[in-house]
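Visitor: Chains as they are written, first to last, in the working numbering: chain G, 597 to 804; chain D, 597 to 804.
Even glycine gets a Cβ: it sits at the ideal position worked out from N, Cα and C.
Only a predicted model underlies this, so the values are computations on that prediction, with no experimental measurement involved.
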């Protein structure tokens, strides 16, 4: 039932703008996909990604004014996945590292050493630097989520050009803590998308 | 020869710290992997990712002072892939959109409309906002590159905690234009890594 063909999933991914409106994604399956996509790595394993899944007509209506160019995606997708970065993800450090000790993948000594290192590192980071880290990490998640969605038979479109101001509050999150990163539309594709041009690796790369 | 099992490639990826030092990755294969990974999407398809592949002893030696915690990766990997974001990627807009017209995936009219929209949008973006965009896009590339590497039989470690100042210049790039995003170590795994703990999707997600 799932598409397990790596080349097909990854290399035939296209940005899909129009979806089959009759297809609903069960919330249980959405959580399953998210659990598969959060296997992406993150800085110090702090996992700063947070999500709002907009999958009701009321939610879509609230989201509409924030979407500038991608109204068809909002209108037709099964869900819009709002991805936020948590600027205070270090609060989870203790829980995450304790779990590693419990699972036997980290010694108590290593855990203590890591905690002693991580907390002051984070306390000394500027807000600008934390913003970089949560955007990088949340984007690693986003790419894996687009591929996991295809593994499950769905398609996506990564949307960056939305209005950020007030988006967090509108969906019940504190905007000081949670910064918007990307929105993914997810659903069963109706249009086929198209293969878009890429600059060749040779032009982008130097060897040293 | 390639691993085409999506679940294995994606869900069994681990951060690998120690690599088989006898394994060299041919530059041709590295470019092939990069060409597969740049199929990741980017904002307005501007593809702001740029790369330095450090795969010589001299290059590794120059990189050493920038690596804070991950010296084993630098010492043992086949290559360290330095990923930079190009703050002036809009310079490629015309070439990219002309190529879409040539390929028949975009009409001349749509191309003109898009160019008229994109150039002023970019000219009005703050440096802070462009920084966000290139870090998000380059991270989408990075995630896909980690998976493509496994498809080719290699493993990786995404490294964020390196010294950014002067990294671009040291490898021949203008630091005003090219901002460091991530470094990936790439090679044949010797250690097996370990499955690290993830916060459950239910705790990270709300539905609206």
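At 8 Å on the CB atoms, spell out the chain D contacts of residue 683 of chain G, in chain order.
Guide: Here residue 683 of chain G refers to the residue found at position 87 of the first chain. Near residue 683 of chain G there are no residues of chain D at all, since even the closest Cβ is about 14 Å away, more than 8 Å.
Visitor: How would you list, in chain order, the residues of chain D whose beta-carbon sits under 9 Å from the beta-carbon of residue 653 of chain G?
Guide: As a position in the first chain, residue 653 of chain G is number 57, starting the count at 1. None at all; the shortest Cβ gap to chain D is about 11 Å.
Visitor: Could you check whether the Cβ of residue 670 of chain D sits closer than 8 Å to any Cβ belonging to chain G?
Guide: Indexing the second chain from 1 puts residue 670 of chain D at position 74. Chain G, which has no Cβ nearer than 8 Å to the Cβ of residue 670 of chain D, makes this no.
Visitor: Taking only beta-carbon atoms, is residue 611 of chain G less than 8 Å away from chain D?
Guide: The residue you call residue 611 of chain G lines up with position 15 of the first chain. By this cut-off, residue 611 of chain G is an interface position.
Visitor: Can you confirm whether residue 622 of chain G, when its beta carbon is compared against all beta carbons of chain D, has any partner nearer than 8 Å?
Guide: Numbered from its first residue, the first chain carries residue 622 of chain G at position 26. Output row for residue 622 of chain G: interface = no.
Visitor: Can you say whether residue 667 of chain G is buried or exposed, counting buried as having 16 or more other CB atoms within 10 angstroms of its CB?
Guide: Stepping through the first chain from its first residue, residue 667 of chain G is reached at position 71. Its Cβ having fewer than 16 others within 10 Å, residue 667 of chain G is exposed.
Visitor: Are there three or more Cβ pairs, one per stretch, closer than 8 Å when the segment 615-625 of chain G is compared with the segment 654-667 of chain G?
Guide: Touching, no.
Visitor: In the structure shown, what three-state DSSP assignment does residue 721 of chain G receive?
Guide: On the first chain, position 125 is the one that residue 721 of chain G refers to. Here residue 721 of chain G sits in coil by DSSP.
Visitor: Any beta carbon from chain G within less than 8 Å of residue 636 of chain D's own beta carbon?
Guide: What you label residue 636 of chain D is simply residue 40 of the second chain in a count that begins at 1. Cβ-Cβ to chain G under 8 Å: yes for residue 636 of chain D.
Visitor: Touch check for the segment 725-738 of chain G and the segment 727-739 of chain D: three-plus C-beta pairs under 8 Å?
Guide: Yes, since at least three Cβ pairs between the segment 725-738 of chain G and the segment 727-739 of chain D fall closer than 8 Å, the two stretches touch.
Visitor: Mind checking whether residue 731 of chain D and residue 607 of chain G have CB atoms under 8 Å apart?
Guide: Your numbering for residue 731 of chain D matches position 135 in the second chain. Your numbering for residue 607 of chain G matches position 11 in the first chain. Not a contact, by the Cβ cut-off of 8 Å.
Visitor: Are the Cβ atoms of residue 653 of chain D and residue 682 of chain D separated by less than 8 Å?
Guide: For the purposes of this step, residue 653 of chain D is taken as residue 57 along the second chain, with counting starting at 1. For the purposes of this step, residue 682 of chain D is taken as residue 86 along the second chain, with counting starting at 1. No, the Cβ-Cβ distance between residue 653 of chain D and residue 682 of chain D is not below 8 Å.
Visitor: If you follow the beta strand (DSSP E) that residue 652 of chain G is part of, which residue opens it and which one closes it?
Guide: Position 56 of the first chain, counted from the first residue, corresponds to residue 652 of chain G. Careful: residue 652 of chain G lies outside any beta strand (DSSP E) and carries neither H nor E.
Visitor: Give, in chain order, every unbroken run of the beta strand (DSSP E) that is at least 3 residues long and sits entirely within the segment 690-762 of chain G.
Guide: You should have 751-755.
Visitor: With 7 Å as the limit, tell me which residues of the segment 703-725 of chain D have their beta carbon closer than that to any beta carbon of chain G; keep them in chain order.
Guide: From the segment 703-725 of chain D, no residue has a Cβ closer than 7 Å to chain G.
Visitor: Applying the criterion that 16 or more other CB atoms from any shown protein chain within 10 Å of the CB defines a buried residue, is residue 704 of chain D buried or exposed?
Guide: Taking the first residue of the second chain as 1, we reach residue 704 of chain D at position 108. By the 10 Å Cβ count, residue 704 of chain D comes out exposed.
Visitor: Taking the straight line between their C-alpha atoms, what separation do you get for residue 621 of chain G and residue 750 of chain G?
Guide: As a position in the first chain, residue 621 of chain G is number 25, starting the count at 1. As a position in the first chain, residue 750 of chain G is number 154, starting the count at 1. Their backbone Cα atoms lie some 9 Å apart in a straight line.
Visitor: What do you reckon, are the CB atoms on residue 696 of chain D and residue 792 of chain G nearer than 8 Å?
Guide: Position 100 of the second chain, counted from the start, is the residue given in the question as residue 696 of chain D. Position 196 of the first chain, counted from the start, is the residue given in the question as residue 792 of chain G. Cβ atoms of residue 696 of chain D and residue 792 of chain G: closer than 8 Å.
Visitor: Helix, strand or coil, according to DSSP, for residue 602 of chain G in the structure here?
Guide: By 1-based counting over the first chain, the position of residue 602 of chain G is 6. Residue 602 of chain G falls in the helix class under three-state DSSP.
Visitor: Are the segment 704-722 of chain D and the segment 764-784 of chain G in contact at 8 Å, needing three or more beta carbon pairs?
Guide: No, the segment 704-722 of chain D does not touch the segment 764-784 of chain G.
Visitor: Just curious, the beta strand (DSSP E) that residue 801 of chain D is in, first and last residue?
Guide: Numbered from its first residue, the second chain carries residue 801 of chain D at position 205. First-last of the beta strand (DSSP E) with residue 801 of chain D: 801-803.
Visitor: In whole angstroms, what is the alpha-carbon distance linking residue 756 of chain D and residue 725 of chain G?
Guide: Along the second chain, one-based indexing puts residue 756 of chain D at 160. Along the first chain, one-based indexing puts residue 725 of chain G at 129. Cα-Cα distance, rounded: 11 Å.
Visitor: Below 8 Å CB to CB, which residues in the same chain sit around residue 727 of chain D once its five sequence neighbours on both sides are set aside?
Guide: Within the second chain, residue 727 of chain D is the residue found at index 131, counting from 1. Taken in chain order, the residues that qualify are 681, 683, 775.
Visitor: Can you name, in chain order, every residue of its own chain whose Cβ lies under 7 Å from the Cβ of residue 619 of chain G, other than the five neighbours on each side?
Guide: What you label residue 619 of chain G is simply residue 23 of the first chain in a count that begins at 1. Cβ within range, chain order: 674, 783, 784.
Visitor: Please go through the same chain and pick out, in chain order, the residues whose beta-carbon is closer than 6 Å to the beta-carbon of residue 808 of chain D, but skip the five residues on each side of it.
Guide: Since the first residue shown for chain D is 597 and the last is 804, residue 808 of chain D is missing from the structure and cannot be characterised.
Visitor: Does DSSP classify residue 626 of chain G as helix, strand or coil?
Guide: Translated into the one-based positions of the first chain, residue 626 of chain G becomes position 30. The answer is helix: DSSP assigns residue 626 of chain G an H, G or I state.
Visitor: Give the straight-line distance between the Cα atoms of residue 770 of chain G and residue 804 of chain D, rounded to the nearest whole angstrom.
Guide: Translated into positions along the first chain, residue 770 of chain G becomes position 174. Translated into positions along the second chain, residue 804 of chain D becomes position 208. Roughly 16 Å between the two C-alpha positions.
Visitor: What three-state label does DSSP hand residue 682 of chain D in the structure shown?
Guide: For the purposes of this step, residue 682 of chain D is taken as residue 86 along the second chain, with counting starting at 1. Residue 682 of chain D falls in the strand class under three-state DSSP.
Visitor: Select from the segment 725-736 of chain D all residues with a C-beta closer than 7 Å to any C-beta belonging to chain G, and list them in chain order.
Guide: Residues passing the 7 Å Cβ filter: 728, 729, 731, 732, 735, 736.
Visitor: Whose C-beta lies closer than 7 Å to the C-beta of residue 744 of chain G among residues of the same chain, with five residues either side of it excluded?
Guide: Counting from 1 along the first chain, the entry for residue 744 of chain G is found at position 148. Around residue 744 of chain G: 629, 632, 633.
Visitor: Could you tell me the distance, in whole angstroms, from the CA atom of residue 707 of chain D to the CA atom of residue 626 of chain D?
Guide: As a first step, residue 707 of chain D is located in the second chain; it is residue number 111 there, counting from the start. As a first step, residue 626 of chain D is located in the second chain; it is residue number 30 there, counting from the start. So the two alpha carbons sit approximately 32 Å from each other.
Visitor: Measuring only between beta-carbons, confirm whether residue 764 of chain D sits less than 8 Å from chain G.
Guide: Here residue 764 of chain D corresponds to residue number 168 of the second chain, with the count starting at 1. No, because no Cβ of chain G sits closer than 8 Å to the Cβ of residue 764 of chain D.
Visitor: Report yes or no: is there a C-beta of chain G within less than 8 Å of the C-beta of residue 699 of chain D?
Guide: For the purposes of this step, residue 699 of chain D is taken as the residue at position 103 of the second chain. Residue 699 of chain D counts as touching chain G.
Visitor: Assign residue 640 of chain D to one of three DSSP states: helix, strand, or coil.
Guide: As a first step, residue 640 of chain D must be located in the second chain, where it is residue number 44. Looking at residue 640 of chain D - three-state DSSP - the assignment turns out to be helix.
Visitor: Could you tell me which of G:609, G:762, G:747 sits nearest to residue 597 of chain G, measuring between CA atoms?
Guide: Stepping through the first chain from its first residue, residue 597 of chain G is reached at position 1. That would be G:747, whose Cα lies nearest to the Cα of residue 597 of chain G.
Visitor: For residue 801 of chain G, return the contacting residues in chain D, with the cut-off set at a CB-CB distance below 7 Å.
Guide: Along the first chain, read from residue 1 onward, the residue named residue 801 of chain G stands at position 205. Those are 627, 630, 647, 649, listed as they occur along chain D.
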